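A.B. asks: Quick one: this structure, given as structure tokens, is what I'll be asking you about.
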Amino acid sequence: MDQNKKYRNYLKALKSKTSFTQHDYEIASELLQQTEDPSIHDEVESIMDKMNELVENSNSDRMPL
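Take a look at the structure:
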């Protein structure tokens, strides 16, 4: 299987998720490192921004002890 097709499949799976795990973040980071395709880079960065935003929002919702 051609690498870009594999990366696009990972990307499609990540884009369909509404919540993310640490593993998803690691996959996205790996995609950024492994691919040279600028369109994949842009989409992965967008997904990672969304992940970071969700983390920040969930952290701000917690009550201090």
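Counting from 1, position 39 in the sequence shown corresponds to residue 39 in the UniProt record's numbering; the numbering is continuous, with no gaps. Quick reminder that beta carbons are idealized off the backbone N, C-alpha and C, glycines included. Given the structure is predicted, the values throughout are model-derived calculations rather than measurements.
The alpha helix (DSSP H) with E30 in it runs from where to where?
C.D. replies: 22-34
A.B. asks: Can you tell me whether L32 is buried or exposed? The criterion is at least 16 other CB atoms within 10 Å of its CB, across all chains shown.
C.D. replies: exposed
A.B. asks: State the start and end residues of the unbroken alpha helix (DSSP H) segment that holds K12.
C.D. replies: 3-16
A.B. asks: To the nearest angstrom, how far is it from the Cα of K14 to the Cα of Y25?
C.D. replies: Checking the sequence shown, residue 14 turns out to be Leu, not Lys. For L14 and Y25, the distance between alpha carbons rounds to 9 Å.
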